[in-house]
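Asker:
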Amino acid sequence: MTIKHILGNWKMHGQKKQAIELTQAIVAFKIPENVKTAVFPPFTSLHIVASELIASKIALGAQDCSNEIGGAFTGDISTLMLAEAGCKYVIVGHSERRAQHNESSELVKHKAEAAISAGLIPVICVGENIGERESGTYLQAITKQTKDSLPSLAHSSKFIIAYEPVWAIGSGKTPSLAEITEVHKTIASLLSYDTSVAKHDAVKTAIVYGGSVKPENAREILASEGVDGVLVGGASLKAEEFCKIIESAA
Ligand code: 13P
Numbered sequence: 010m011t012i013k014h015i016l017g018n019w020k021m022h023g024q025k026k027q028a029i030e031l032t033q034a035i036v037a038f039k040i041p042e043n044v045k046t047a048v049f050p051p052f053t054s055l056h057i058v059a060s061e062l063i064a065s066k067i068a069l070g071a072q073d074c075s076n077e078i079g080g081a082f083t084g085d086i087s088t089l090m091l092a093e094a095g096c097k098y099v100i101v102g103h104s105e106r107r108a109q110h111n112e113s114s115e116l117v118k119h120k121a122e123a124a125i126s127a128g129l130i131p132v133i134c135v136g137e138n139i140g141e142r143e144s145g146t147y148l149q150a151i152t153k154q155t156k157d158s159l160p161s162l163a164h165s166s167k168f169i170i171a172y173e174p175v176w177a178i179g180s181g182k183t184p185s186l187a188e189i190t191e192v193h194k195t196i197a198s199l200l201s202y203d204t205s206v207a208k209h210d211a212v213k214t215a216i217v218y219g220g221s222v223k224p225e226n227a228r229e230i231l232a233s234e235g236v237d238g239v240l241v242g243g244a245s246l247k248a249e250e251f252c253k254i255i256e257s258a259a
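The sequence shown lines up with residues 10 to 259 when you count with the numbering used here.
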């Protein structure tokens, strides 16, 4: 059975009413056996969504975390707080945080390590910008970003890598299937190089694709070589669309 991860990043959407309605609609959907799915609401809706997810197969994730354990870090949220709120996953290094909050790969690596320490599974995002894609330097850019963002002791830790080309996010544009496979293979080769036991099932690293995933293109993306799932933005805010994407992974 091939496991596929279907992850819904709500970004800065999902106040109480929307969060409850959306979660209830997804919970009512029968998740296929081979699908691992999770939703990533904003921090303020984590508790309410967690209570809706009780007894469901759907996991909870947060969209960011601090690299610090605790202390004088006004406005930040620690990974222990996220674990206590019921999270299983946390996204780190999303391109919106790298661009809008100036997050470096070094910081992303420390966030991933903090997540692993708290028993969370970090979803580490990497991806080239349009300039890197057009100039043909995207594989070098992604290789550097991935290597610099990987937690130390990566070989013995569980994490997910999300390949999200910046130019594909929210744009309706996606790379070709061959281009997605090319990048996923490149990332996988870094993992087996850096992590001798990455192929072992218990620590096998899933590599998911994100950027304008919709019900219309999900099936072919999910069926592409090297694609272990998808990280969905806009379409994860509509229960019908998100459930269709889940269905297409069956
Ligand atoms: P869209 O699916 O809206 O393009 O967003 C992708 C994304 O950034 C998920 O993290």
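Ideal Cβ placement from N, Cα and C applies to all residues, glycine included.
1. Quick check on the DSSP output: the beta strand (DSSP E) that includes Thr-11 runs from which residue to which?
2. Below 8 angstroms CB to CB, which residues in the same chain sit around Ser-87 once its five sequence neighbours on both sides are set aside?
3. Report back the beta-carbon spacing between Ala-9 and Ala-59 to the nearest angstrom; my notes put them in contact at under 8 angstroms.
4. For His-22, I'd like the list of residues in its chain whose CB is within less than 7 angstroms of its CB, leaving aside the five on either flank, ordered along the chain.
5. Phe-82 to Met-90, Cα distance in whole Å?
6. So the alpha helix (DSSP H) Thr-152 belongs to, where does it begin and stop?
7. Measure the CB-CB distance between Gly-136 and Val-101 and report whether it falls below 9 angstroms.
8. Where do the N-terminal and C-terminal ends of the beta strand (DSSP E) with Leu-69 fall, by residue?
9. Give the straight-line distance between the Cα atoms of Lys-26 and Glu-105, rounded to the nearest whole angstrom.
10. If you measure from the CB of Gly-102, is any heavy atom of the ligand 13P nearer than 8 angstroms?
11. Roughly how many angstroms lie between the CA atoms of Ser-54 and Glu-250, to the nearest whole one?
12. Compute the minimum distance between the beta carbon of Lys-167 and the heavy atoms of the ligand 13P, and state whether it is under 8 angstroms.
13. From the DSSP output, in three-state form, read off Phe-82 for me.
14. In terms of DSSP beta bridges, what is Gly-238 paired with?
15. Under the criterion of a Cβ to heavy atom distance below 8 angstroms, does Ile-178 qualify as lining the ligand 13P?
Answerer: Per the coordinate set shown:
1. First-last for Thr-11: undefined, no H or E at that position.
2. Cys-74, Ser-75, Glu-77, Ile-78, Gly-79, Ala-123 and Ala-127
3. The requested residue 9 is not part of the displayed model; the chain covers only 10 to 259.
4. Closer than 7 angstroms at the Cβ level, and outside the excluded window around His-22, lie Leu-246.
5. 13 angstroms
6. 147-158
7. Not a contact, by the Cβ cut-off of 9 angstroms.
8. 68-71
9. 25 angstroms
10. no
11. So the alpha carbons of these two residues sit roughly 21 angstroms apart.
12. no
13. coil
14. According to DSSP, which records beta bridges pairwise, Gly-238 is partnered with His-14.
15. yes
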